[in-house]
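Residue numbers (my numbering): 775 to 902.
Glycine included, every Cβ here is placed at the ideal spot set by N, Cα and C.
Below: one structure, written as structure tokens.
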């Protein structure tokens with residue numbers, strides 16, 4: 775599949791997912807964008823669910839949907855490891871930080887920290 779076709783398909787899926795968030799909940803998508811193109815090991819956990827250990831090759835994405843709790847304590851965090859790097863962690867969704875900012879939270883994992891798509895730019899953070 776060509777890069778153009780993949781891009782169009784991704785935009786289509788993103789549009790459909792964005793349109794459906796009011797009915798389906800919120801979404802988190804995590805993409806491996808490590809410069810060294812190494813495989814990314816990740817494990818994401820919430821208070822109620824462990825999504826298991828995943829391995830993402832370069833440019834692969836792991837995603838899930840959820841509904842934030844009414845009590846406001848929704849927290850989703852992931853642990854990441856690649857190559858010989860140490861295990862790092864980041865809170866990919868915190869209701870008090872992210873509600874109203876990202877119904878579809880697109881995260882791009884880089885060596886120095888995760889970056890989230892915000893409108894037309896990436897906002898990068900340091901690991902927890």
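| Item | Value |
| --- | --- |
| Cα-Cα separation, residue 840 to residue 817 | 16 angstroms |
| Sufficient close CB pairs (3 or more, under 8 angstroms) joining the region 884-898 to the region 803-820 | yes |
| Reference residue 879; option with closest CA among 838, 863, 855, 856 | 838 |
| Own chain residues within Cβ distance below 7 angstroms of residue 811, not counting five before or after | 832 |
| Residues near residue 829 by beta carbon distance below 6 angstroms, same chain, minus five either side | 813, 815 |
| C-alpha gap between residue 900 and residue 843, whole angstroms | 26 angstroms |
| Which of helix, strand or coil DSSP assigns to residue 872 | helix |
| Option in 800, 809, 799 with minimal Cα separation from residue 882 | 809 |
| DSSP-derived helix/strand/coil call for residue 834 | coil |
| Cβ-Cβ distance between residue 869 and residue 835 below 8 angstroms | no |
| CB contact flag (residue 851, residue 872, <8 angstroms) | no |
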